[in-house]
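Novice: Chains as they are written, first to last, in the working numbering: chain A, 1 to 311; chain B, 1001 to 1612.
In this text, a Cβ means the ideal position worked out from N, Cα and C, and glycines have one as well.
Note that the coordinates shown come from a computational prediction; the quantities given were computed from them, not determined experimentally.
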Amino acid sequence: MLNYFLKGEVGTRLRFMGMLLSAMLVLLSVFTLTQKGLNFGLDFTGGYLTEFTTSQSVELKELQSFIAKNHNGEFELTAQGNSHFQLREAPSASTTANSLDWQSAVTQNDDINAQVLSSAYIGSQVGDELFDQGCLAMFAAMIAVMIYLAVRFEWRLALGSVVALVHDLILVLGLFSLLQIEFNLTVLASLLAIIGYSLNDSIIVGDRVRELLRVKSNNVLSSATIINNAIKSTLTRTLITSGTTLATVASVWLLAGAPLQGFAIALFTGIVVGTFSSICIAATLPELLGLSAKNYEVKVDAHTQTLLDMP
Amino acid sequence: MLSFKKDKKPSTAKFKLSYIAMLIVLVLLAISALPNLYPNKSWLHISAAPHSEMQSLPSTKTLVTFLNNQGLEVKQGLDKQSTINVLLNEPTKSAQAQAAIKAQYPNTQVKIVEHATSPTWLQDFGLSPIKLGLDLNGGVLFVLDVDLDKAVDEQLVSAYLQAKSIIIKQKAHGVKAQQTQHGFEINALPNATDKLTPVIEELQSRFANLAVVTSNNGSVKTAKFSYSEQGRSSFDKEVMGQTLTTLRSRIEELGITEAVTQRQGKHRIRIELPGVQDPTEAKRIIGATASLGFYQLKEIGGQTFNMQSGGTIKLDPVPIFTGDHINNATIGRDDWGKPLVQLSLDGQGGNAMSAFSKANIGKPMATVYSEYSQNAKGEVVKKSEVINVANIAQHLSSRFSITNMKSQQAAADLALLLRAGSLTAPVTIVHEQTIGPSLGSENISNGLAALMLGMGITLAFMALWYRRLGLIANVALILNLTSLVGLMSLLPGVVLTLPGIAGLVLTIGMAVDTNVIIFERIKEERRQGRAPYQAIQEGYKQAANTIFDANITTMITALILYGIGYGPVKGFAITLALGLLTSVFTGVYVSKILSQTLYLKMGKKAGVKVHA
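#1: Within 10 Å of its beta-carbon, does Thr1197/B have 16 or more other beta-carbons around it, so buried, or fewer, so exposed?
#2: Pick from Gly174/A, Ala256/A, Asn82/A: whose alpha carbon is nearest that of Val26/A?
#3: Please list the terminal residues of the continuous alpha helix (DSSP H) segment that includes Pro1106/B.
#4: Threshold first: 3 residues or longer. Then list the beta strand (DSSP E) segments lying entirely within the region 1311-1356 of chain B, N to C.
#5: Taking only beta-carbon positions, decide if Asp1549/B is within less than 9 Å of chain C.
#6: Is Val1389/B close to chain A, meaning its C-beta is less than 9 Å from at least one C-beta of that chain?
#7: Quick one: Cα of Leu1561/B to Cα of Ile194/A, how far?
#8: Check whether the Cβ atoms of Leu1594/B and Ala1476/B sit closer than 9 Å, and answer yes or no.
#9: Across the region 1088-1107 of chain B and the region 1395-1407 of chain B, are there enough close Cβ pairs to call them in contact, namely three or more that are closer than 8 Å?
#10: Output, in chain order, the set of chain B residues within a Cβ distance shorter than 9 Å of Gln319/A.
#11: Among all the DSSP beta bridges, which residues are the ones paired with Phe1142/B?
#12: For Val1516/B, go through chain A and note every residue whose CB falls closer than 7 Å to its CB, in chain order.
#13: In this structure, how does DSSP classify Thr1214/B when only helix, strand and coil are distinguished?
#14: Return no unless some Cβ of chain A is closer than 9 Å to the Cβ of Trp1121/B.
#15: Please classify Cys280/A: is it buried, with 16 or more other beta-carbons within 10 angstroms of its beta-carbon, or exposed?
#16: Count the other C-beta atoms from every protein chain shown that fall within 10 angstroms of the C-beta of Phe1125/B, then say buried if there are 16 or more, exposed otherwise.
#17: In whole angstroms, give me the CA-to-CA distance for Gly1231/B and Ala1211/B.
#18: Whose C-beta lies closer than 6 Å to the C-beta of Ala293/A among residues of the same chain, with five residues either side of it excluded?
#19: I need the straight-line Cα distance from Gln80/A to Glu1442/B, nearest angstrom please.
#20: Please state the DSSP three-state secondary structure of Gly1077/B.
#21: Tell whether a beta-carbon distance below 9 Å holds between His1045/B and Ile1112/B.
#22: Candidates Lys1283/B, Glu1090/B, Lys1221/B, Ile1435/B: which alpha carbon is nearest Asn1040/B's?
#23: Roughly how many whole angstroms lie between the Cα atoms of Leu988/B and Ala1352/B?
#24: Residues of chain B with a CB under 9 Å from the CB of Gln125/A: which are they?
#25: Is there a Cβ from chain B that is less than 9 Å from the Cβ of Ala247/A?
#26: Verify the CB distance criterion: does Ile1046/B have a CB-CB separation below 9 Å to chain A?
#27: Go through the region 162-231 of chain A residue by residue and report every complete run of the alpha helix (DSSP H) that reaches 4 residues or more, in order.
#28: When you compare the CB positions of Ala256/A and Val1512/B, do they come within less than 9 Å of one another, or not?
#29: Which value, in whole angstroms, describes the spacing of the CA atoms of Thr241/A and Phe1548/B?
#30: Leaving out the 5 sequence neighbours to the left and right, which residues in its chain are closer than 8 Å to Thr96/A when beta-carbon positions are compared?
#31: Counting only C-beta atoms, is Val145/A closer than 9 Å to chain B at any point?
#32: Starting from the beta carbon of Met1022/B, find every residue of chain A whose beta carbon is closer than 7 Å, and list them in chain order.
#33: Out of Ala258/A, Tyr48/A, Val116/A, which one is the CA nearest neighbour of Ile181/A?
#34: What would DSSP say about Ile122/A, mapped onto helix, strand or coil?
#35: Name the one or two DSSP bridge partners that Glu76/A has.
#36: Taking a Cβ distance cut-off of 7 Å, strictly less, list which residues of the region 187-207 of chain A are near chain B, in chain order.
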């Protein structure tokens, strides 16, 4: 198999290298996912989250020790900016004693003079339910999409697209695990959007492969060449669309502020790896599985054949 | 809705008809999008509380000076006979002003009402801006858990107690009720089996949702009572409906007109209170418990009660019986077709009613609805209101009707209140979120900035890369955004959230895909030596299938997301799905007509060569 690829055209060789790279990245992602896990946000764990600003910039460490004095439970303080902070508490923290104490302390202290922007409480039961629902949605989306692909395409092309899709999701999850970026409900929504977009690219390449395979005069060409041609003729489109989408996602990342940060990061990565996988996996895997023009020939049974052969 | 028709010959008649249809759709959507240029403003409506005298309303001038002194600068104050309407310089502070006025003038009712600022002709069409989600508007969100299991348990216990009293009343010796793990059972000894059936029938007439399984255990006949799956689900539905209605009427008291109260999933209720900053008052009102009592009227002495319809009435302070003795209340019609409410009471209530009605035929009886809630100081406060006064026509027992209702609606409302007084499922808050108004407006401006930048980059790129065709794509893109905003304003129930804005930005980036696929195809056709017009025709035709395939998978995921998501995530799913529809519409149909017109008409006139 190795020989088959190395002997081929430049395009085939590149695709093969890309696939190897993808396989390595998937292994790496699975490794970090099993080792570090995901940093689940409030939506899934439940608990209290308070977001507040201070009148002047405060050092995170100073604020941390100040709140620790006025808080008798465990909490997690993160800085969103110089004067913008988030404080997270476990759902078991009692409502009255713990949370009110520190809040009045930071709002009444003249040096800090905090102003609470938003506060949220999510019961741990709700968090579990949201997580279950999210997983259910992912599986439902994958199955619905697989059924659609199986009906629309030949099974080899369909399988290629699905493998590419799973690859994209694993890589995005791997990145979130590696950098320990908060995984919340909007990130989950972006994963579902990635399912849609990742397939978009794969389908467009697949569509072209199918079209070229159906052309009679292409019968002499090897399937590797046909796939290379299909990729070449769709490459401009793939790059332009991914480019404009990436530009818009990047502008969300830059300007839309903290609430959409995770969402934008997930989509950005998803689109980059999705474009990559549509070429290196979605189009390459069917070739390994033996896709050829024969799969698209009109099937003629013996009886019709004899009728056709009649003078 | 979308179909890809192949028209081989561009017949002018057909061409013109589709042209006009498209133009109409675009214009309609653009007009629907217009009100978004005029954002709503929150006004304060101040009126006298229902049971107080008109004099309790301060004059407009005093009110304005009061607010200005509180640091809440008034922009406009209008005197509208019975109400005063006030617009603040910073409308986001309306909630603060509402609290301040309530504290200063306790006998007033203050409501925050959204006023449209768009021209009247737009309002006459019933057009309004897109509704904003809590993350953009600021406000309080509650998700409540309704303890349905507990409600069922209580209902079963009540049925069990009534079974016991029915047995005593029917003098069914040898029949015995007994509680079990999943409900209760009635056992009849061999010599009393014939007495079992009337007991079961009586019980079933009171509790329609209960299922009975009878069996012979040796010589003892046993009837097991429990909730069947069907009975349980209809019971759950009833309890949820009651809880929702009770909550809605309580939230109305808060004076928030834009509040959203809806069922979320099987046993949750989602309450969104836009504009509210302090959740404590809302929490107090939501957590209140209701009760119901039937009272005798007193002409001399007695306690004064407020009537719901206005005015006061004097009643005996001791109730004849209370709401926990009501089993069920349903609406019906009397022999003359007038609406009425049928009540069924338990044994104790029935006895009290029987004794009272026998001695008071022809006299009126009042129904009082009371709510217990905690006030700001944490004290329990009772608030009572007379909801109905009816004459006793005859000697009544455990089943009777309240007749002479004004309308079907009035009967339905009363039945609901009666049931609400009899059966309340415990409610707990499982999710609470407060979003400050400054955060909300910051989210809007951030989202819009991202939209502008994303749109700018896309427009610039398309214009540079595709030149003339790029201009068509850009026109299509702008029309796409307009149509999407118009569609979102037009459809009821569509709410714009921060992730929704992200979806909007994303749609812009992806929408060019349709045009890129087509343009690349046209270029290819040109390379194969087709004439410009034909190349365009072929390009659109060939690309249609690919575009359909590519968009349908995203549509599937968007629909699934819409199905399971709540709040902000649902907002994202809606924009994504609607964005796909509008981008196929503008990208395929509108830009096809645009490019045909541009190349066909202009090409003919000037004889220019086309470089696609």
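Specialist: Quick look at the numbers:
#1: As a working note, residue 1197/B is residue 197 in the second sequence. That one is exposed.
#2: Looking up residue 26/A in the first sequence gives position 26. Nearest C-alpha to Val26/A: Gly174/A.
#3: Residue 1106/B sits at position 106 when you count from the first residue of the second sequence. Per DSSP, Pro1106/B belongs to no alpha helix (DSSP H) and is neither H nor E.
#4: 1312-1315, 1326-1333, 1339-1345
#5: The question asks about chain C, but that chain is absent: this structure's protein chains are A and B.
#6: For the purposes of this step, residue 1389/B is taken as the residue at position 389 of the second sequence. No, its Cβ sits nowhere closer than 9 Å to a Cβ of chain A.
#7: Numbered from 1 along the second sequence, position 561 holds the residue referred to as residue 1561/B. Numbered from 1 along the first sequence, position 194 holds the residue referred to as residue 194/A. Each residue's Cα considered, the two are about 12 Å apart.
#8: Start at 1 with the first residue of the second sequence, and residue 1594/B comes out as number 594. Start at 1 with the first residue of the second sequence, and residue 1476/B comes out as number 476. Their beta carbons are under 9 Å apart, which means Leu1594/B touches Ala1476/B by this criterion.
#9: Result no; under three Cβ-Cβ pairs closer than 8 Å.
#10: Because chain A in this structure spans residues 1 to 311, residue 319/A falls outside the shown range and cannot be described.
#11: Position 142 of the second sequence, counted from the start, is the residue given in the question as residue 1142/B. DSSP, once it has assigned bridges, lists Ile1271/B, Glu1432/B as partnering Phe1142/B.
#12: Position 516 of the second sequence holds residue 1516/B. The contacting residues are Arg237, Ile240, Thr241.
#13: Your numbering for residue 1214/B matches position 214 in the second sequence. Here Thr1214/B sits in strand by DSSP.
#14: Locating residue 1121/B in the second sequence gives position 121, counting from the first residue. No, its Cβ sits nowhere closer than 9 Å to a Cβ of chain A.
#15: Position 280 of the first sequence, counting from 1, holds the residue named residue 280/A. Result: buried.
#16: Taking the second sequence and counting its residues from 1, one reaches residue 1125/B at position 125. Its Cβ having fewer than 16 others within 10 Å, Phe1125/B is exposed.
#17: Residue mapping note: residue 1231/B aligns to position 231 of the second sequence, counting from 1. Residue mapping note: residue 1211/B aligns to position 211 of the second sequence, counting from 1. Rounded to whole angstroms, Gly1231/B to Ala1211/B spans 7 Å at the Cα level.
#18: If you number the first sequence from 1, residue 293/A lands on position 293. The answer, listed in chain order, is Leu213, Asn219.
#19: If you number the first sequence from 1, residue 80/A lands on position 80. If you number the second sequence from 1, residue 1442/B lands on position 442. So the two alpha carbons sit approximately 15 Å from each other.
#20: Along the second sequence, one-based indexing puts residue 1077/B at 77. Strand.
#21: Here the question's residue 1045/B lines up with position 45 in the second sequence. Here the question's residue 1112/B lines up with position 112 in the second sequence. Going by C-beta atoms, His1045/B is nearer than 9 Å to Ile1112/B.
#22: What you label residue 1040/B is simply residue 40 of the second sequence in a count that begins at 1. Ranking the options by Cα distance to Asn1040/B, first place goes to Glu1090/B.
#23: Absent from the structure is residue 988/B, since the part of chain B shown begins at 1001 and ends at 1612.
#24: Taking the first residue of the first sequence as 1, we reach residue 125/A at position 125. Within 9 Å Cβ-Cβ: Asp1145, Val1430.
#25: Locating residue 247/A in the first sequence gives position 247, where the first residue counts as 1. By this cut-off, Ala247/A is an interface position.
#26: Here residue 1046/B is taken as the residue at index 46 of the second sequence, counted from 1. No, Ile1046/B does not count as interfacial toward chain A.
#27: For the region 162-231 of chain A, the continuous alpha helix (DSSP H) assignments of 4+ residues that do not extend past its boundaries occur at 185-214, in sequence order.
#28: By one-based count along the first sequence, residue 256/A stands at place 256. By one-based count along the second sequence, residue 1512/B stands at place 512. Contact: no.
#29: Along the first sequence, read from residue 1 onward, the residue named residue 241/A stands at position 241. Along the second sequence, read from residue 1 onward, the residue named residue 1548/B stands at position 548. Their backbone Cα atoms lie some 16 Å apart in a straight line.
#30: Position 96 of the first sequence, counted from the start, is the residue given in the question as residue 96/A. Interpretation of Thr96/A is limited by its pLDDT of 45, a score under 50 that renders its predicted location unreliable; the figure taken from the coordinates is listed afterwards. Contacts found: none.
#31: Residue 145/A sits at position 145 when you count from the first residue of the first sequence. Chain B, which has a Cβ nearer than 9 Å to the Cβ of Val145/A, makes this yes.
#32: On the second sequence, residue 1022/B is found 22 positions in, with the first residue counted as 1. Those within 7 Å of Met1022/B in chain A number zero; the least Cβ separation is about 25 Å.
#33: If you number the first sequence from 1, residue 181/A lands on position 181. Cα-wise, what sits closest to Ile181/A is Ala258/A.
#34: In the first sequence, counting from the first residue as 1, residue 122/A sits at position 122. Ile122/A falls in the strand class under three-state DSSP.
#35: Residue numbering aside, residue 76/A sits at position 76 when the first sequence is read from its first letter. Glu76/A is bridged to Arg88/A.
#36: Ala189, Leu192, Ala193, Ile195, Gly196, Tyr197, Leu199, Asn200, Ile203, Ile204, Asp207
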